[in-house]
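K.L.:
Protein chains in written order, with my numbering: chain A, 626 to 856; chain B, 3 to 83; chain C, 189 to 304; chain D, 3 to 1049.
Encoded structure:
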């Protein structure tokens, strides 16, 4: 009964969504405001990756919000799980030697790789979020391998806080020296397709990378360790 | 052309996995299926010329989301009643 | 077109779980599927046939760019949406875990104290 | 001007900083948290001030990244946004202080981050000028809310958070999809840009669907019916502080952005959408709250209802056909409603945080626990229920006036909802004020106190806004007096000082209003009010009585609002003072024993007042003297409020207990003067409304019957009443029935009778109630069988009562006779013979209870426990004497009052002067007969004295026996009551007329209430508490919106 009713609702909803979507023919050219980004992006930002230009500069405010959302989620989760009497279902001993050895080898490499991704965010696909996630996966690997591994909570908090502050401060620097919040005219824009180019974009993405990395690591740790002895 | 058929296959796979994820009583399998959908989606994103999104979806959607789902399932119950 | 259809279907599959499934974890999974579907739909909307990714890493892309790349804006939006999605999922899961730790069940029927 | 980006940037930075500090020094987090909130508040307030003072002319546009609008994201902060920002951070500050005082849950830094970012998200939602950015801020707000709602970690809180999470995710998916589609359709994400394109004629066949998708998402967050189950669950389950922040601040941001979105996307069907969902939500929620037993959920229903009203107002704003003047009214109403709701609801939820337990029962006795609690609670409830003088009242007034231009049905809907709100809020109030025991209440009361003080502080602002828009002028002198009356509250440490101050204030009021004491209708009533109040106030000498510290302020407010009422020249002004009077008197009645009676009084008063307001809103001109071509319905609506106050059958059900159980010191005013305001109002209706009615004579005839039936039935009920004050109450209502009859006659003579009786009734009923107050004060009960024989203990009071009763019964030679004579003459002259017969019957019956008053109280044997009772206190005795004199003097010289009445009627051109002549020998001469008052007085006085002498001579043969000093043949009386004269008096008679005194009206009204309550209870069950179902509602309603409004 409930099933059929739900299906009926969903069919109608699907019909509406399809009606809207089908009015935009698939794969055809239709530029809006993003024509500006495409045509003038290089000129204004020098960042080769236009998506990064948009994410960090044109719509950098959204990204600040996005970072905030992630921060919020990590905070809320840490807060809620700090008293959770969840089941303790993971091993209390370390994983096999193979996994441990592999993890130890991969750990620095993964972190390096993550850093590479966000440092090159304005040149190649990827950026702070992707790089940060890669770093978090390194931490996850260690968490899975070693029962006793516990990332330094204070260090994580400090990193994530400072990175967030850095984002805001870069924004304010733009306000003070560049005339508007997050303005990308306080540093030389440099040359297109070079590592040191695109003004504050790489700086912001580095900050985002650190922040996301620290946040997600903290998040995973909090979830994994969210256990109170109930036995 | 082959690429397009491959994409159609991938889309179909996603839907099939989606139905599986919703209908299976094993939550862990469901979670893994959802993660797999994200993975497939990231390939589709590559086809749609969105490498940034593909990376993000692979790292966050397929990786991180699945991971936290797995942790959550491990800490609660694996089977739906 | 297939992209539109399948992403909408994916949204609907996710919603179906939200509407019908009696397990709170399943509902969260449904929401996550819905997110994936929405993201796919947005990217499909920004796709332009025969164009390349909006990364200007070769010189010939520098001129007349707008006839050579796909729309980068939807991609930027999806980037944000994906991160927000994982954030919501994380909070949802922590709530689910806490709920489970109180009542030791994931059945939605046990969570109907507040009503009327 | 403060750049709004500073607010957002600094708040974010602080949030990140708190994250660091929490890791090292958790205690220090407060040092960042509070200053940030203070900064945010001050910054927003500075901007708001800038806008209000005009130093900021245009909305502040912040271009983030330096890009012009369509390219970059921008913030757009205008007056509305600045105001909302100020409000959000003000509420957040209150909540933060409250929570900090109670102690944040640990780890506190995390909770502070969530709290800060929730406020920030709400501010961001209102500031942003970009649709996708809006989505981001919606998510910030939502995630922070999920965390905060769950923060108490109670099972209910988690459940509520989960439901919210599911529904919120669906809603934000809709918003996201809508925004992206909008980008595809218009090529832009900027609100202004899109708005400009659409206004410039851009259109697309799917634009409607896309806009509705976004609006549906926002409507979910706006908690419209029936997709608001999750919201109610939050109100019930979450921490009250969080709820205060959500209901007080966050939701308002969603409201603003809903309005902005709807006006940018400008589809013609949006206003209908808003009207339907807003109106529906408003009415249904107010109604569903009726039988709610959980206090927090009740407040939740109210919040949802208020939001519905806001959405309805938004619908009016969006309507293309609303005239500009009404638009300004609606805007003002929206501002006031938001202000009102945010602060009153924060206050109420923070108060709820101080009460243990969530059931209404757990609230019993909290009002007596602490004066701060009482003040905050009363203020907030009054305010949220839209009662004067708080902003909600003015908002309602503005909204109703604007809605009247739109459709009378909308007015009816708004007023019906407002009435339902009064019903359950005052049920709440009544339950809360019950109970002698002091409930245990927390002492975390500063934040609610500040919130309610803010409401008080907003009163002048609200009045000014309403007065500007409605071109309403209230007599300034009266406002000053009302303000001074409230100041008497500050003398609460000493009742004696309050009493003296009150006397002084009434004297000052009389001096101030002296110029208005002219020989017209207003002046006539004004004189009655001022002189009467002064005399009756004298009798309230506090002595050792247990008076509430708000007794005198409320008393004075009643007095001066009556003065304002009679001086009103517009219906608005009349309504405002009418409401002030009603609610101040409600508070006074509530101070007595009859809490439930006070509730019923409140509900009926509100019903009458809202009917009146509805009628006023339909008038083309607000001036009392210029009502043209009204329909009979309009006349009825306008008079309903007055009929309630006069307790005309069948609206009388409140009267017995409200009179009987109100504080003894207030009842004389209530009966002697306040009920006459109904007379004044009806007089206005007859003079200016009914007179223009085509069906005028049948309308008058109908009201004549209403008056005489009131007189008849209330007299009958008085006969069988066993409680002194309740007996007097019935009698009072019956007398007012005669007055109404006199007015309904609409002849000069009828009006003379009515006005004469108005004054006269004040004298004798005031005297009787004052005497009753004295007796009750001495004897300690108002129950007749516990009295008797008091003539020996209270001879003065007996004598005064005797004369008053003679006047009451309308027997010569005292003043009462003139009234009756005039009334019957008028009735016969008019030819309303049937009515005259009933009236005659009723006044004959009145002898029965008149005798009962004397008999049961004063005659017979003295009860043993009353042997030590003393004469009434001196002030009461003085007042008795003061009131006694006119009864005798008027009895001998009725012209003393008939002449002024004739002059007053001379001013009433529609009526003319009565056809009465006065001669030395015949006395007063009408066309039907004459009567010489002085002669009668001398004659009766002579007879009385002769009888007295005879009695004195023969009294030696009279022997006094003790009450129990009797013996039947073998039977021993079981209790003194069995031997009491007043016990079961007229019982045989009661059996005979049982069918006549069946409490039909009470049963019918109660039946209606219970039936509605049962329907409400059934209706509420659509909130099944099931997450799947709630999600299905959301989808279903969204689809419905898409289907219906896409055109």
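Even for Gly, the Cβ is constructed at its ideal location relative to N, Cα and C.
1) Mark residue 251 of chain C as exposed unless 16 or more other C-beta atoms lie within 10 angstroms of its C-beta, in which case mark it buried.
2) Residue 695 of chain A touches chain F at which residues, Cβ-Cβ below 7 Å?
3) Applying the 10 Å Cβ sphere with the 16-neighbour rule, what's the burial state of residue 555 of chain D?
4) Helix or strand or just coil, what does DSSP make of residue 14 of chain D?
5) Does the distance from the C-beta atom of residue 728 of chain D to that of residue 661 of chain D stay below 8 Å?
6) For residue 77 of chain B, which option in C:259, C:275 and C:284 has the closest C-alpha, if you only look at C-alpha atoms?
7) At 4 residues or longer, and completely inside the segment 492-561 of chain D: list those alpha helix (DSSP H) runs for me, N to C.
8) Using the C-alpha atoms, what's the distance from residue 807 of chain D back to residue 853 of chain D?
9) Rounded to whole angstroms, what is the Cα-Cα separation between residue 67 of chain D and residue 228 of chain D?
10) Using a beta-carbon distance cut-off of less than 8 Å, what residues from the segment 23-50 of chain B approach chain C?
11) Quick one: measure Cβ to Cβ for residue 258 of chain C and residue 273 of chain C, integer angstroms, because I've assumed they're closer than 8 Å.
12) Express the C-alpha separation of residue 26 of chain D and residue 345 of chain D in angstroms, rounding to a whole number.
13) So, using beta-carbon positions, are residue 23 of chain D and residue 34 of chain D closer together than 8 Å?
14) Can you give me the C-alpha to C-alpha distance between residue 47 of chain B and residue 295 of chain D, rounded to a whole angstrom?
15) Closest to residue 241 of chain C by CA distance: which of C:247, C:228, C:227 and C:260 is it?
16) How many Å lie between residue 408 of chain D and residue 718 of chain D at the Cα?
17) Does chain C have any CB closer than 8 Å to the CB of residue 3 of chain B?
18) Checking the sheet assignment: what are the DSSP bridge partners for residue 295 of chain C?
19) Relative to the C-alpha of residue 673 of chain D, which candidate in D:630, D:618 and D:733 has its C-alpha closest?
20) For the candidate residues A:770, A:834 and A:804, whose alpha-carbon lies nearest to that of residue 692 of chain A?
21) Helix, strand or coil: which one does DSSP assign to residue 718 of chain A?
22) Please check the pair residue 72 of chain D and residue 658 of chain A, which I expect to be a contact at CB under 8 Å, by giving their CB distance rounded to whole angstroms.
23) Excluding the five sequence neighbours on either side, which residues of its own chain have a C-beta within less than 7 Å of the C-beta of residue 169 of chain D, listed in chain order?
24) Measure the alpha-carbon distance for residue 614 of chain D versus residue 827 of chain D and round it to whole angstroms.
25) Can you name the start and end residues of the beta strand (DSSP E) that residue 65 of chain D belongs to?
26) Does the segment 71-88 of chain D come within contact of the segment 245-263 of chain D, defined as at least 3 CB pairs closer than 8 Å?
27) Taking the CB atoms as reference points, tell me whether residue 878 of chain D and residue 772 of chain D lie closer together than 8 Å.
28) Given a threshold of 16 other Cβ atoms within 10 Å of its Cβ, counted over all protein chains shown, does residue 53 of chain D qualify as buried or as exposed?
29) Can you confirm whether residue 231 of chain C, when its beta carbon is compared against all beta carbons of chain A, has any partner nearer than 8 Å?
30) Output needed in chain order: residues of the segment 821-840 of chain A with a Cβ under 8 Å from some Cβ in chain B.
31) Is any beta-carbon of chain B found at less than 8 Å from that of residue 284 of chain C?
32) Within the same chain, show all residues whose beta-carbon is closer than 8 Å to that of residue 357 of chain D, passing over the 5 residues directly before and after it, in chain order.
33) Tell me the DSSP secondary structure of residue 67 of chain B in three-state form.
34) Return the chain-ordered list of same chain residues with a C-beta closer than 6 Å to the C-beta of residue 98 of chain D, the five sequence neighbours on each side being excluded.
35) I'd like the span of the beta strand (DSSP E) that includes residue 651 of chain D, first residue to last.
36) Exposed or buried, which one is residue 1009 of chain D when buried takes at least 16 other CB atoms within 10 Å?
P.N.:
Checking against the coordinates, here is how it stands:
1) With a threshold of 16 other beta carbon atoms within 10 Å, residue 251 of chain C falls short and is exposed.
2) Looking at the structure shown, chain F is missing, and the protein chains on hand are A, B, C and D.
3) Within 10 angstroms of the beta-carbon of residue 555 of chain D lie 16 or more other beta-carbons, which makes it buried.
4) Helix, per DSSP.
5) Yes, Cβ-Cβ distance for residue 728 of chain D and residue 661 of chain D is below 8 Å.
6) By alpha-carbon distance to residue 77 of chain B, the top candidate from C:259, C:275 and C:284 is C:284.
7) Within the segment 492-561 of chain D, the complete alpha helix (DSSP H) runs of at least 4 residues fall at 497-514 and 523-540.
8) Residue 853 of chain D and residue 807 of chain D have their C-alpha atoms some 8 Å from each other.
9) Spanning the two alpha carbons is a distance of roughly 42 Å.
10) Of all residues in the segment 23-50 of chain B, 23, 24, 29, 32, 33, 36, 39, 40, 43, 46, 47 and 50 have a Cβ within less than 8 Å of some Cβ in chain C.
11) Residue 258 of chain C to residue 273 of chain C, Cβ: 22 Å. No contact.
12) Spanning the two alpha carbons is a distance of roughly 36 Å.
13) Taking C-beta atoms as the reference points, residue 23 of chain D and residue 34 of chain D count as a pair closer than 8 Å.
14) Rounded to whole angstroms, residue 47 of chain B to residue 295 of chain D spans 54 Å at the Cα level.
15) The alpha carbon of residue 241 of chain C has as its nearest neighbour, out of C:247, C:228, C:227 and C:260, the alpha carbon of C:260.
16) If I take the Cα positions, the gap works out to 47 Å.
17) With 8 Å as the cut-off, residue 3 of chain B does not count as an interface residue toward chain C.
18) C:211.
19) Among D:630, D:618 and D:733, the Cα nearest to that of residue 673 of chain D is on D:733.
20) Closest option to residue 692 of chain A, Cα to Cα, is A:834.
21) Reduced to three states, the DSSP call for residue 718 of chain A is coil.
22) That pair is a contact at about 5 Å.
23) Sequence-distant partners of residue 169 of chain D (beyond 5 residues in either direction) whose C-beta falls short of 7 Å from its own C-beta, in its chain, are 222, 232, 1032, 1033 and 1036.
24) Distance between the alpha carbons of residue 614 of chain D and residue 827 of chain D is about 33 Å.
25) Counting along the chain, the beta strand (DSSP E) containing residue 65 of chain D begins and ends at 62-65.
26) By the C-beta criterion, the segment 71-88 of chain D is judged to be in contact with the segment 245-263 of chain D, since at least 3 inter-stretch pairs fall below 8 Å.
27) A contact, by the Cβ cut-off of 8 Å.
28) Buried, by the Cβ-count rule.
29) No, no contact with chain A.
30) Cβ contacts with chain B come from no residue of the segment 821-840 of chain A.
31) Nearest CB-CB separation between residue 284 of chain C and chain B: below the 8 Å threshold.
32) The residues are 297, 364, 365, 368, 441, 443 and 444.
33) Residue 67 of chain B falls in the helix class under three-state DSSP.
34) Cβ neighbours of residue 98 of chain D beyond the five flanking positions: 39.
35) For residue 651 of chain D, there is no enclosing beta strand (DSSP E), as DSSP marks it with neither H nor E.
36) Classification of residue 1009 of chain D: exposed, given that the 10 Å Cβ count is below 16.
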